[in-house]
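Going by my numbering, the first residue of the sequence shown is number 2, and it counts up by one from there.
Positions of the beta carbon are idealized from the N, C-alpha and C atoms, including for glycine.
Some notes on the structure that comes next.
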Amino acid sequence: MLVSLKWLGEYVDIDVDAQTFGDKMTMTGTKTETVEYYGKEIENVVVAKILEIEKHPDADKLIVTKVDIGKDEPIQIVTGAKNVRVGDYIPLALDGAKLPGGVEIYKGMLRGVESNGMMCSCNELAIDEKFVEEYKKDGIYILDMEEEYTPGQDIKEVLGLNDAVIDFELTSNRPDCRCMIGIAREAAVTLGKKIKYPEIKVKEESNQTTDVSISIENPELCQRYMARRVTDVKIERSPYWMQRRLIESGVRPINNIVDITNYVMLEMGQPMHAFDMREIENNTIVVKNANTGDKFTTLDGQERELDSEMLMITNGEKNLSIAGIMGGEESGVKDDTTEIMFETASFNRENIRKTSKKLGLRSESSSRFEKGIAIETAELAMERAAQLVELLGAGKVMKDVVDVNPIKQEKQTITVSPKRINSRIGVDIPMDEFCKILEDLEFKCNLVSEDELKLEVPNFRLDIEQEADIFEEIARIYGFERIPSVQLKGNTTAGVKTDKQKYLDKVKNTAIGCGLYETLTYSFVSPKGLDKIRVPENSKLRDVVKLINPLGEDTSIMRTTMIPNMMDVLHTNVSRNIDEVAIFECGHVFTPEDMAGVEETRLCVGLCGGEAEFFTLKGIIEKIFERTGLKGHTYIADSENTSFHPGRCADIMSNGVKLGTIGEIHPLVLDNYGISKRVYIAEINLDEAYRISDQTIVFVPLPKYPAITRDIALLVKDEVEVAQIEAIIKANGEGLVEDCELFDVYKGDQIEDGYKSIAYSIVYRNPEKTLKDSDVASVHEGILKELENKIGAKLREI
């Protein structure tokens, strides 16, 4: 917030320089960003009155003037300006003058005629053109004729350039500081001064009474609405002192009535609006929600579409203003306006914020309402605006104010323990000083007991809710520099990872060891991702957690599967001509079970290009399971998963629990992502895998006795799975089967249709003795018999 030190000085005595003041304010919590000194570089520039104008004898584009600078004799100035007239008051840089940017002015000769200085434009005085009337921009800066000037007067005093403007960085929890009075309160307590509130008195010069009927249809969104009428309005420019204060606060002057509303907003923190009474038919104001689809043109000339959640100020039939944000193009003050109605109100901050965001419309008014304004401020602002109307002679204020206040506010009180606060700060502030700090901040203190203080919170402090807030107030005003520094105390503990964290590290390290690169993607995604991987409409994966306030549609839900993210990363790499991609991600997915939300840890592995195939991916997953102690899992074909290629997808199961899915991505999904290569993806539930894994390492001695190996080739039907064969071999090994390894799967001319040849190498070993062929033969025959009985396997000659 930009604060003029001269303006601030009307409310509190500032007896230090601007930089020192800014530093002190920073130490009490109101951070100073910059201090800018207006007119600091300007020297020897005065007010001059033009007495005579003659043509230059030797230059058509120059004129010779005589100007009064308050001396006995006028001086001569030669200029090429076209906008000056006899009687104008202008800024004049005299001989030896200095201007912003290091410019120095000296007297001299212009085409043979002496010139004793230079008339100045707004640019030469470093006055921003956006705050200057059109007729003053091109040429010399003409001082307003409505003011009284003394030739020779320092131009910095006349134009208010002998000021310092401080830019304060305000936190969102202190909306009360977004005005001059709010900053003055902080300045007073910082400097140990008393604040001087403006004395407000309204004469009510009109004999008429404010006759406006006000109806609030939604009191939750509008807690208070006040109206006051002004007649005999004269629309003209504001006096320079008001314009200057608006300019230094970053607000462009418009006319006296609009400037009054902006002035009160900057001074009191209460946004206001002035309606042309010709637009308020039947003297009626109705505050109500808009109709969805309605169109409304705001003061900036933009047509905006409304919805039923937006609050509007209407005359019962026609929309006049978007509540708390911006008035309508037709209802504002015009050059021929003769009667106005001032509005002050209290609106729901959340509704203002949502409406402002939906419309893409943010104003000085909305930026204040959305952070919160005390409901009592509306009354003070209304009185102040009426007082300024009378002060400026802008109109006659009617008697009475119409005030509709459906929700009465009660005084907020909290009870605190000074002893507890002192112990947390680390100081011992006496009770008298403790109470004085709070009273300077306009709290009312009532000592209930020796260590119990009941406080009545000032209405403008919307940020005070609990004792912790009082703790902060005491610490910042007492002075952080007065709080002694002490060494931290406490017990130290070794920082170690949990077993789950160690498990995840092992998963990642194994994946990296298998040649994969780790990726990281966002957990909030687009709902279109589920469509692109062909998730059915009735799938549980579509039961998503939706973000209340998303950045956009692409980040509007929390993911329930990591496959869309993996496909996006693969597509990015493939589109950049990366021939072979092998990546993984350990992340989280989210489901809204019981509305509380469930977060699961997942591993997603993706392969594309090169020599990658289904069994390459399966080997990586098996290695991860092996290193993390997961055993006893099986792969069951899954032909119903529409994201994967039918017949090339399997569910990973363990004791009836699904650990994940592995397979080749469906060609239609690849088309959706513009990928022409085959893609293999596995998604594993690491939470479930961790639960059932056994990472206990058991060391056994090397075998003393030799093993016997037998190779078998079995002829089985195509639908028989190798897992079934391995289970039968191990179940009937009578403790002698140490290992069985699949080494060949064959289908060809020698194999009957509908059958395949499966070849295994079986290792037999007895840890207690050397096996004989006869020992192995009986067990081997038993295995072959069980294979034939249970799955119809027949021994085939290799």
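With respect to the 8 angstroms criterion, Lys-7 and Asp-164 are classified as neighbours on the basis of their beta carbons. For Ser-779, no beta strand (DSSP E) segment is defined; the enclosing uninterrupted segment is the alpha helix (DSSP H) at 774-792. Contact between Gly-118 and Ile-76 holds, with the beta-carbon distance rounding to 7 angstroms and staying under 8 angstroms.
Looking at the backbone, the Cα of Leu-687 and that of Thr-602 are separated by about 6 angstroms. Judged by pairs of C-beta atoms under 8 angstroms, the segment 147-154 does not touch the segment 130-139, as fewer than three such pairs exist. Under a 10 Å Cβ-count criterion, Val-701 is classified as exposed, with fewer than 16 other Cβ atoms of the shown protein chains found around its own Cβ.
Inter-residue distance for Leu-703 and Asn-510 is about 28 angstroms (C-alpha atoms, whole angstroms).
Excluding its 5 nearest sequence neighbours in each direction, Lys-202 has C-beta neighbours in its own chain below 8 angstroms: Gln-388, listed in chain order. Along the segment 427-466, the alpha helix (DSSP H) occurs as fully enclosed runs of 4 or more residues at 432-441, listed in sequence order. Contact check for Lys-659 and Gly-610: beta-carbon distance about 29 angstroms, past the 8 angstroms limit, so the pair fails to qualify. Distances from the CA of Gly-328 to each of Asn-767, Glu-34, Asp-569 and Glu-304 were compared; the closest alpha carbon is that of Glu-304. In the displayed model, Ser-366 falls within a helix according to three-state DSSP. DSSP, reduced to helix, strand and coil, places Pro-647 within a strand of the structure shown.
Contact annotation: Ile-534 and Ser-640 have beta-carbon atoms that are not nearer than 8 angstroms. The three-state secondary structure of Pro-92, taken from DSSP, is strand. Around the Cβ of Ile-549, a 10 Å sphere holds fewer than 16 other Cβ atoms; the residue is exposed. Within the segment 492-542, the complete alpha helix (DSSP H) segments at least 4 residues long are 500-514 and 529-533, listed from N- to C-terminus. Taking C-beta atoms under 8 angstroms as the contact rule, His-589 and Ser-524 qualify, at a distance of about 6 angstroms. In the displayed model, Met-146 falls within coil according to three-state DSSP, outside both helix and strand.
Exclusion of the five residues before and after Ala-714 leaves Ser-758, Ala-760, Arg-797 and Ile-799 as the residues of its chain whose Cβ lies within less than 6 angstroms of its Cβ. Counted as a single uninterrupted DSSP element, the alpha helix (DSSP H) harbouring Thr-378 occupies residues 378-393. Nearest Cα to Ser-694 within the set Tyr-747, Pro-593 and Val-508: Val-508. With contacts defined as CB atoms closer than 8 angstroms, Ala-291 and Ile-15 fail to qualify as a contacting pair. Secondary structure note for Gln-77: its beta strand (DSSP E) is the uninterrupted segment 76-80. Per the DSSP secondary-structure output, Lys-56 pairs in a beta bridge with Ile-64. Within the same chain, Cβ atoms closer than 7 angstroms to the Cβ of Glu-789 are found at Lys-795, the five residues on either side in sequence being excluded. Note that the C-beta distance between Val-546 and Phe-615 is not below 8 angstroms. Within its own chain, the residues whose Cβ lies closer than 6 angstroms to the Cβ of Ile-465, once the five positions on either side in sequence are excluded, are Val-458, listed in chain order.
In this chain, Val-17 is not harboured by any beta strand (DSSP E), its DSSP state being neither H nor E.
Taking a cut-off of 8 angstroms for Cβ pairs, the segment 328-348 and the segment 358-365 do not touch, as fewer than three such pairs fall below it. Comparing alpha carbon positions, the residue from Asn-733, Glu-554 and Ile-475 closest to Ile-426 is Ile-475. Val-4 is the residue among Thr-29, Tyr-12, Glu-268 and Val-4 whose C-alpha sits nearest the C-alpha of Ala-19. Only buried fits Asp-177, as 16 or more other CB atoms lie within 10 angstroms of its CB.
Secondary structure within the segment 271-304: the beta strand (DSSP E) runs of 3 or more consecutive residues, fully enclosed, are 274-277, 285-290 and 296-298 (chain order). Straight across, the Cα-Cα distance linking Asn-316 with Leu-247 is about 31 angstroms. Excluding sequence positions up to five before and after Gly-648, its CB lies within less than 7 angstroms of the CB of Ser-640, all in the same chain and listed in chain order.
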